[in-house]
Amino acid sequence: MRITIDNDAAKFVVRLADTEMILGQRLCEMCSNGPFLEEDIALSNVALDLIGRAEQLYKIVSEIENKGLSADDYAYRRNEREYFCLKLVEQPNTDFAWTITRSYLHDVYANEVFKQLLKSDIPNLAGLSEKVLIEIRYNLTHARDWMLRLGIGTEESNSRVQGAVDQMFRYVPEIFHWDVVDNKYLSDTAAIEKSWKSEVSALLKEANIKEPELMDVVMRDYREGFHSEFLGHILTEMQFLPRAYPDAKW
Amino acid sequence: MVAIQKNNETQKFWDLLSEVPDPEIPVINLVELGVVRNIELDGQTIIVTVTPTYTGCPAKKLFNDLITEKLNVNGYNNVEIITQLHPVWNTDWLSEETKAKMYKDGISPPTDDNLVITCPHCHSTNTEMVSQFGSTPCQSLYKCLDCLEPFNYFKCHR
Ligand SMILES: [Zn+2]
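Shown next as structure tokens:
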């Protein structure tokens, strides 16, 4: 079965849902793999926030599309090319600095997006955004603290986080390559880009990390279902159980 | 604190749900936690409106099951749960009495904007955060710099 998403509002919301879902899945991989116990618990808690947020967003998609598909169907029964998450959040946990940098760049973006969605007229989205923003505040503080600790820590930690920023910045340009759907449901996309850049620049400076130049968009867009090499692997693991046992119940 | 409307007809259900402990902080119950927002009767059906604490709270589904079970074992078999995200659950819904219970149980209750965090063991405010995220999504891990004991702090959420 191929699941298409036809309504513009649903197309917009599913991008957010997929982005939160895949970052949540990536952070789940850190459960029992954190550098120490408290951090392990912290990353797992952030993962819970993201997956809970994704679930609510999928419910909104499901209601708008009204095709008898549940939130779980959207999460577990779409293929790679039917997913619409940012390439940024697909990047692997190669190094703890990668994990933190990926979350930080995402959290700044998500914070700006949900702030604008406080006034969204998509049903239930404004109320959910209010909830999400309270949670993001804690997620963002956590990621930002680590960026600083790594950046101004030791020569080793600085070089690792510098490497992570250089790597993750390759996946930033597409975020701001807004299309008509984005512009229809976000009140001011240019302001999101501006706030993102000023927050990130200031943090990198404070953390003694060199800010890489943002390249032109060279990769095909996530909004069209194009991804990095990693998404297929993430979905393989994430969707195994519901695909192998489609009627499995908790 | 948002006043919850109760009337004689539904009071017995509020009383029953006040006997359901929060699965993660059993010293307080689901009504005190503020997740039970409304109880209405529609014919024979009891409609309970629930607002989860966190979108990803693992206890979310469990809240609904515990509520349904409690009413079922007391002979009320027609229970419908409505999940309502808005108004957003927040720690202002915890009464002073509820906070006092938490404190007595060793959990430092939420304070405005997380400014003053008191050690539940020795009452010192000379405390520091160990980790933003504790044993549950709604708590942070702290340690007391006077008695040196670790403790959980229920984060301000609003
Ligand atoms: Zn103490």
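Residue numbers (the working numbering), protein chains in the order written: chain A, 40 to 289; chain B, 3 to 160. Backbone N, C-alpha and C fix where the C-beta goes; we use that ideal spot for every residue, glycine too. Quantities reported herein were computed from a predicted structural model and do not represent experimental measurements.
(Q) Contact criterion: CB-CB distance below 8 angstroms. Does residue 49 (chain A) meet it with respect to chain B? (A) Locating residue 49 (chain A) in the first sequence gives position 10, counting from the first residue. No, residue 49 (chain A) does not count as interfacial toward chain B.
**Q.** Local Cβ density within 10 Å of residue 283 (chain A), reported as buried at 16 or more and exposed below that
**A.** Sequence index remark: in the first sequence, residue 283 (chain A) carries index 244 (1-based). Result: exposed.
Q.
Against residue 80 (chain A), what residues of chain B qualify as contacts under a CB-to-CB distance less than 9 angstroms, listed in chain order?
A. Your numbering for residue 80 (chain A) matches position 41 in the first sequence. Simply 133, 135, 136, 137, 143.
Q.
Contact between the stretch 70 to 87 of chain B and the stretch 144 to 155 of chain B is defined here as three or more beta-carbon pairs at a separation below 8 angstroms; is this criterion met?
A. Segments in contact, no.
Q) Is the beta carbon of residue 130 (chain B) within less than 7 angstroms of some heavy atom of ligand 1? A) For the purposes of this step, residue 130 (chain B) is taken as the residue at position 128 of the second sequence. Distances from the CB of residue 130 (chain B) to the heavy atoms of ligand 1 are all 7 angstroms or more.
Q) Touching or not, the stretch 204 to 223 of chain A and the stretch 166 to 181 of chain A, by the rule of three or more beta carbon pairs under 8 angstroms? A) Touching, no, given that fewer than three Cβ pairs across the two stretches are closer than 8 angstroms.
Q.
Using only the alpha-carbon positions, how far apart do residue 194 (chain A) and residue 101 (chain A) sit?
A. Position 155 of the first sequence, counted from the first residue, corresponds to residue 194 (chain A). Position 62 of the first sequence, counted from the first residue, corresponds to residue 101 (chain A). C-alpha separation (whole angstroms): 48 angstroms.
Q: Using alpha carbons as the reference points, say which of A:81, A:286, A:137, A:226 lies closest to residue 205 (chain A).
A: On the first sequence, position 166 is the one that residue 205 (chain A) refers to. Closest option to residue 205 (chain A), Cα to Cα, is A:137.
Q.
Quick check on this structure: which residue in B:53, B:93, B:77, B:110 has the alpha carbon closest to the alpha carbon of residue 66 (chain B)?
A. Taking the second sequence and counting its residues from 1, one reaches residue 66 (chain B) at position 64. Relative to the Cα of residue 66 (chain B), the nearest Cα in the group B:53, B:93, B:77, B:110 belongs to B:53.
Q: Check the Cβ of residue 59 (chain B) against every Cβ in chain A and list those closer than 8 angstroms, keeping chain order.
A: Counted from its first residue, the second sequence places residue 59 (chain B) at position 57. Those are 87, 91, listed as they occur along chain A.
(Q) Closer than 7 angstroms to a non-hydrogen atom of ligand 1 - does that hold for the CB of residue 78 (chain A)? (A) Numbered from 1 along the first sequence, position 39 holds the residue referred to as residue 78 (chain A). In this structure, ligand 1 has no non-hydrogen atom nearer than 7 angstroms to the beta-carbon of residue 78 (chain A).
Q. Name the DSSP bridge partner or partners of residue 50 (chain B)?
A. Locating residue 50 (chain B) in the second sequence gives position 48, counting from the first residue. The bridge partners DSSP lists for residue 50 (chain B) are B:41, B:83.
Q: Assuming residue 93 (chain B) and residue 156 (chain B) form a contact by the criterion Cβ under 8 angstroms, report the distance between their Cβ atoms to the nearest whole angstrom.
A: Sequence index remark: in the second sequence, residue 93 (chain B) carries index 91 (1-based). Sequence index remark: in the second sequence, residue 156 (chain B) carries index 154 (1-based). Yes, they are in contact, since the Cβ atoms of residue 93 (chain B) and residue 156 (chain B) sit about 7 angstroms apart, within 8 angstroms.
(Q) Bridge partners for residue 155 (chain B) per DSSP, in chain order? (A) Residue mapping note: residue 155 (chain B) aligns to position 153 of the second sequence, counting from 1. Paired residue(s): B:110, B:142.
Q. Quick one: is the Cβ of residue 148 (chain B) within less than 7 angstroms of any heavy atom of ligand 1?
A. On the second sequence, residue 148 (chain B) is found 146 positions in, with the first residue counted as 1. Because some heavy atom of ligand 1 lies under 7 angstroms away, the Cβ of residue 148 (chain B) counts as near it: yes.
(Q) Would you say residue 155 (chain B) lies against chain A (beta-carbon separation less than 8 angstroms)? (A) Along the second sequence, one-based indexing puts residue 155 (chain B) at 153. By the rule that beta-carbons nearer than 8 angstroms mark a contact, residue 155 (chain B) does not touch chain A.
**Q.** Within-8 angstroms CB hit, residue 160 (chain B) to chain A
**A.** Residue numbering aside, residue 160 (chain B) sits at position 158 when the second sequence is read from its first letter. It does: the Cβ of residue 160 (chain B) has a partner Cβ on chain A nearer than 8 angstroms.
Q.
Taking a contact to mean a Cβ-Cβ separation below 8 angstroms, would you say residue 144 (chain A) touches residue 239 (chain A) in this structure?
A. Reading the first sequence from its first residue, position 105 is the one you call residue 144 (chain A). Reading the first sequence from its first residue, position 200 is the one you call residue 239 (chain A). Cβ atoms of residue 144 (chain A) and residue 239 (chain A): closer than 8 angstroms.
Q: Output yes or no for whether 8 angstroms exceeds the beta carbon distance between residue 231 (chain A) and residue 186 (chain A).
A: Reading the first sequence from its first residue, position 192 is the one you call residue 231 (chain A). Reading the first sequence from its first residue, position 147 is the one you call residue 186 (chain A). Contact: no.
Q: Measure how close the beta-carbons of residue 144 (chain B) and residue 119 (chain B) come, nearest whole angstrom, since I'm counting them as under 8 angstroms.
A: Along the second sequence, read from residue 1 onward, the residue named residue 144 (chain B) stands at position 142. Along the second sequence, read from residue 1 onward, the residue named residue 119 (chain B) stands at position 117. 6 angstroms between Cβ atoms; contact.
Q.
Cutting at 7 angstroms between CB atoms, please list the residues of its own chain near residue 73 (chain A), excluding the five before and the five after it.
A. The residue given as residue 73 (chain A) occupies position 34 in the first sequence. Cβ neighbours of residue 73 (chain A) within its own chain (closer than 7 angstroms, five residues either side excluded): 79, 82.
Q) Is residue 173 (chain A) close to chain B, meaning its C-beta is less than 8 angstroms from at least one C-beta of that chain? A) Residue 173 (chain A) sits at position 134 when you count from the first residue of the first sequence. Yes, because at least one Cβ of chain B sits closer than 8 angstroms to the Cβ of residue 173 (chain A).
Q | residue 87 (chain B) versus A:228, A:272, A:163, residue with shortest Cα-Cα distance | A | The residue labelled residue 87 (chain B) in the question sits at position 85 within the second sequence. Of the candidates A:228, A:272, A:163, the one whose C-alpha sits nearest the C-alpha of residue 87 (chain B) is A:163.
(Q) Looking at the strands, I want to know which residues DSSP matches up with residue 133 (chain B). (A) Residue 133 (chain B) sits at position 131 when you count from the first residue of the second sequence. As DSSP reads the structure, residue 133 (chain B) sits in a beta bridge with B:143.
Q) When the Cα atoms are used, what is the spatial distance from residue 11 (chain B) to residue 82 (chain B)? A) For the purposes of this step, residue 11 (chain B) is identified with residue 9 of the second sequence, where counting begins at 1. For the purposes of this step, residue 82 (chain B) is identified with residue 80 of the second sequence, where counting begins at 1. Taking the straight line joining both Cα atoms gives about 17 angstroms.
(Q) Measuring alpha carbon to alpha carbon, tell me which residue in B:137, B:80, B:13, B:34 is nearest residue 2 (chain B). (A) Lying outside 3 to 160, the shown extent of chain B, residue 2 (chain B) is not represented and no answer is given.
Q. Quick check: the stretch 141 to 159 of chain A against the stretch 27 to 41 of chain B, are there 3 or more CB pairs under 8 angstroms?
A. Here the stretch 141 to 159 of chain A does not lie against the stretch 27 to 41 of chain B, with fewer than 3 beta-carbon pairs under 8 angstroms apart.
**Q.** Any chain A beta carbon closer than 8 angstroms to residue 87 (chain B)
**A.** Residue mapping note: residue 87 (chain B) aligns to position 85 of the second sequence, counting from 1. Taking 8 angstroms as the CB threshold, residue 87 (chain B) lines the interface with chain A.
Q. Taking the alpha-carbon positions, what's the residue 7 (chain A) to residue 276 (chain A) distance?
A. The displayed coordinates of chain A run from 40 to 289. Any statement about residue 7 (chain A) would go beyond what the structure contains.
Q: Check whether the Cβ of residue 42 (chain A) lies closer than 8 angstroms to any Cβ atom in chain B.
A: The residue you call residue 42 (chain A) lines up with position 3 of the first sequence. Not an interface residue.
Q.
Between which residues of its own chain and residue 22 (chain B) is the CB-CB distance below 6 angstroms, once the five residues before and five after are set aside?
A. Locating residue 22 (chain B) in the second sequence gives position 20, counting from the first residue. For residue 22 (chain B), the CB contacts under 6 angstroms within the same chain, skipping 5 residues up- and downstream, are 31, 32, 68, 72 in chain order.
Q) Just to check, is the beta-carbon of residue 181 (chain A) closer than 7 angstroms to a non-hydrogen atom of ligand 1? A) Locating residue 181 (chain A) in the first sequence gives position 142, counting from the first residue. Answer for residue 181 (chain A): no, Cβ out of range of ligand 1.
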